[in-house]
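Below is one structure, written out as structure tokens; comments come after it.
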Amino acid sequence: MKGTRNYVNLNVDLRESSRRSGDRELEHIVFVLMAMSLMLAGLIFAAGVPTAVTYIPHDKVTATMAKGGPIIEDKGGLRVLAQRRGTGEVEVHKKTNHVFIIVEGEATFITGGTLVDSKETAPNEIRAKSSQGGQTHHLTKGDVITIPANTPHWFKEIPTQTIAYYAVNIEN
Numbered sequence: 006m007k008g009t010r011n012y013v014n015l016n017v018d019l020r021e022s023s024r025r026s027g028d029r030e031l032e033h034i035v036f037v038l039m040a041m042s043l044m045l046a047g048l049i050f051a052a053g054v055p056t057a058v059t060y061i062p063h064d065k066v067t068a069t070m071a072k073g074g075p076i077i078e079d080k081g082g083l084r085v086l087a088q089r090r091g092t093g094e095v096e097v098h099k100k101t102n103h104v105f106i107i108v109e110g111e112a113t114f115i116t117g118g119t120l121v122d123s124k125e126t127a128p129n130e131i132r133a134k135s136s137q138g139g140q141t142h143h144l145t146k147g148d149v150i151t152i153p154a155n156t157p158h159w160f161k162e163i164p165t166q167t168i169a170y171y172a173v174n175i176e177n
């Protein structure tokens, strides 16, 4: 029939459905799971969120970049470091995520792979002399690379002898 529309009534009386056997328990479980999910999401998003406005003038950033060290250490789990160094050991941080922003120099950077001769140097921190396999990245000025927690990573070669970068560390 032309012009005829069929409608389905989707109105549900929740009071009536909650009277059914087992529905009340199911509603309680769903409510608890939703509440727990919201709390967990809040904790995850709050882990690396700055707790205050922080301003660092360029002269302090420049001085810190020359020697290396922290620029920002926030109680919310956010750290911004200025690094300038040669090659080193393979690092694995079980609870630290990195964002490296390269500002000077170049390097062959390896992520992933299998650790060779590893040892735990501190809680949640592992070091190794080298790694086998992994992905090779050629980092130069202006590059940005992210390293998730628990990912082996190291500067394998630094042809320019030093590399300067900002390391944004976000703790889990």
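Heads up: the sequence shown begins at 6 in this note's numbering, then just goes up one per residue. Beta carbons: idealized from backbone N, C-alpha and C, even for Gly. In this text the structure is predicted, and so the values were computed from the model without any measurement.
Using CA atoms only, rank isn't needed, just tell me which of Val173, Lys124, Val149, Thr141 is closest to His158. Thr141
How many angstroms separate the CA atom of Leu120 from the CA atom of Phe114? 15 Å
Would a C-beta distance cut-off of 8 Å place Val173 and Val104 closer than the cut-off? yes
When you compare only the Cα positions, how much space is there between Thr167 and Thr116? Approximately 19 Å, taken between the alpha carbons.
In angstroms, rounded to a whole number, what distance separates the CA positions of Lys184 and Lys161? Residue 184 cannot be examined here, being either before or after the span of the chain that is shown, 6 to 177.
Determine which residues share a DSSP beta bridge with Asn102 and list them. Ile175
Sheet register partners of Leu30 (DSSP bridge): The question names Leu, but residue 30 is Glu in the sequence shown. For Glu30, no pairing in a beta bridge is given by DSSP.
Mark Val85 as exposed unless 16 or more other C-beta atoms lie within 10 angstroms of its C-beta, in which case mark it buried. Answer is buried; the Cβ neighbour count reaches 16.
In terms of residue numbering, what span does the beta strand (DSSP E) encompassing Ala71 cover? From DSSP, Ala71 is part of no beta strand (DSSP E) but of the alpha helix (DSSP H) over 63-72.
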